[in-house]
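Note that the working numbering has the sequence shown beginning at 5, numbered continuously upward.
See structure below.
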Amino acid sequence: MSNRAVVVDPNAPGRLVLREVAEPVTDRGEAVVRVRAISLNRGEVRRSGMAPAGWRPGWDLAGVVERAAADGSGPSVGARVVGLLLEGAWAERLAVPTHALADLPDKVTFAQAATFPVAGLTALHALAKGGLALGRRVLITGATGGVGDFAVQLARLAGAHVTAVARRSDQTAVLREWGAHEVVVGDEIPPTPKYDLIIDSVGGRTLGTALAALERAGVCVTLGVSAAPEVTFDARAFFVAGRSTLYGLYLFTELGCEPAKVGLGRLAQLVAAGQLAPHISLARPWTEVARVADELMARRFPGKAVLTLD
Numbered sequence: 005m006s007n008r009a010v011v012v013d014p015n016a017p018g019r020l021v022l023r024e025v026a027e028p029v030t031d032r033g034e035a036v037v038r039v040r041a042i043s044l045n046r047g048e049v050r051r052s053g054m055a056p057a058g059w060r061p062g063w064d065l066a067g068v069v070e071r072a073a074a075d076g077s078g079p080s081v082g083a084r085v086v087g088l089l090l091e092g093a094w095a096e097r098l099a100v101p102t103h104a105l106a107d108l109p110d111k112v113t114f115a116q117a118a119t120f121p122v123a124g125l126t127a128l129h130a131l132a133k134g135g136l137a138l139g140r141r142v143l144i145t146g147a148t149g150g151v152g153d154f155a156v157q158l159a160r161l162a163g164a165h166v167t168a169v170a171r172r173s174d175q176t177a178v179l180r181e182w183g184a185h186e187v188v189v190g191d192e193i194p195p196t197p198k199y200d201l202i203i204d205s206v207g208g209r210t211l212g213t214a215l216a217a218l219e220r221a222g223v224c225v226t227l228g229v230s231a232a233p234e235v236t237f238d239a240r241a242f243f244v245a246g247r248s249t250l251y252g253l254y255l256f257t258e259l260g261c262e263p264a265k266v267g268l269g270r271l272a273q274l275v276a277a278g279q280l281a282p283h284i285s286l287a288r289p290w291t292e293v294a295r296v297a298d299e300l301m302a303r304r305f306p307g308k309a310v311l312t313l314d
């Protein structure tokens with residue numbers, strides 16, 4: 005049986021191509037999934053630009069269980085599922101640990117589900133670091149990105165007052181549509197008002213100035229450096245505020261405490277109930293993976309890009 009996957013080829017335009025790969029081999033706690041849709045994240049695309057020939061990228065997947073796990077755990081054959089892998093998820097057929105698989109309600113499409121794993125789970129875990137969000141002020145940088153999209157919607161759903169940060173003024177309207185009460189434009193966060201929770205995926209000057217806008221005992225979660233990894237900030241302003249926390253979040257570490265299937269199930273139920281709406285800017289066949297990856301890195305669209313498999 006044919007099984008193709010996206011692999012790195014340094015000699016190909018865009019470095020990403022489809023190639024025949026071996027059939028998946030499963031452990032007892034893994035199911036074989038026939039993949040129907042995948043989504044792209046900047047992290048795996050960035051690594052693809054440096055990875056050796058043959059490396060297989062991919063974190064996010066959605067599809068149908070072809071063979072259930074031998075230990076009886078997880079979804080049954082024929083179940084529609086969403087899943088997450090450490091790498092190699094962009095393939096036709098995969099072995100996926102059942103702790104990283106969640107069932108999909110019929111109302112949730114494969115394309116919608118493919119946006120959940122990295123972006124949705126990261127937003128969920130980041131918001132959890134701030135505790136109860138009801139009535140609290142939340143600032144979200146990089147708000148037009150995949151994580152930002154989920155974070156804005158989930159924070160609004162949780163009852164927070166949401167301020168989104170955009171790079172350009174023409175992004176203001178879409179962020180308000182996604183649920184932001186206010187929008188800040190630019191790479192500098194004003195010192196007032198103060199925020200109980202800041203979720204930052206930008207780094208650089210944005211994170212440096214955001215720290216001065218933390219409320220006393222507030223929490224800033226840093227999870228990306230799309231602008232710059234180097235950050236300069238006024239340490240005195242930070243510690244004088246009192247008991248503020250700067251938390252570095254790496255999703256795959258967080259999942260050591262809570263299996264991916266838990267958060268994926270929550271996200272799926274919210275989408276099925278009409279309370280959460282992933283924004284898919286690009287939906288293309290997976291044969292166009294190199295082109296879409298280039299558009300993602302060039303920031304040519306907000307939200308998520310999803311690739312569908314035949």
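Glycine included, C-beta positions come from ideal geometry on N, C-alpha and C.
| Asked | Found |
| --- | --- |
| C-alpha distance - residue 169 paired with residue 156, whole-angstrom precision | 10 Å |
| Bounding residues of the alpha helix (DSSP H) (the contiguous stretch that carries residue 105) | Premise fails: residue 105 lies in the beta strand (DSSP E), 105-107, not in any alpha helix (DSSP H). |
| Pair within 8 Å by beta-carbon distance, residue 158 and residue 127 | yes |
| Sufficient close CB pairs (3 or more, under 8 Å) joining the region 190-200 to the region 215-227 | yes |
| Spatial neighbours of residue 71 in its chain, beta-carbon cut-off 8 Å, leaving aside the 5 residues before and after | 30, 35, 36, 81 |
| Completely contained beta strand (DSSP E) runs for the region 71-106, where each covers 3 or more residues | 84-88, 97-101 |
| Where residue 239 falls, given that 16 or more other Cβ within 10 Å makes a residue buried | exposed |
| Where residue 90 falls, given that 16 or more other Cβ within 10 Å makes a residue buried | exposed |
| Simplified DSSP state of residue 20, which is helix, strand or coil | strand |
| Residue of 291, 279, 275, 42 minimising C-alpha distance to residue 122 | 42 |
| Endpoints, beta strand (DSSP E) assigned at residue 308 | 308-312 |
| Assigned exposure category for residue 174 - 16 Cβ within 10 Å defines buried | exposed |
| Option in 100, 96, 78, 77 with minimal Cα separation from residue 88 | 100 |
| Rounded distance between the beta-carbons of residue 66 and residue 118, thought under 8 Å | 4 Å |
| Start-end ranges of the beta strand (DSSP E) lying completely within the region 171-250, minimum 3 residues | 186-189, 199-204, 218-226 |
| The alpha helix (DSSP H) enclosing residue 151, as first and last residue numbers | 150-161 |
| Beta-bridge partners of residue 165, as assigned by DSSP | 141 |
| Residue burial classification, residue 64 (beta-carbon count within 10 angstroms, cutoff 16) | buried |
| For residue 41, the first and last residue of its enclosing beta strand (DSSP E) | 34-43 |
| Residue 294 and residue 124 closer than 8 Å at C-beta | no |
| Cβ shell of residue 223 (< 7 Å), same chain only, five flanking positions each side left out | 133, 134, 201, 249, 251 |
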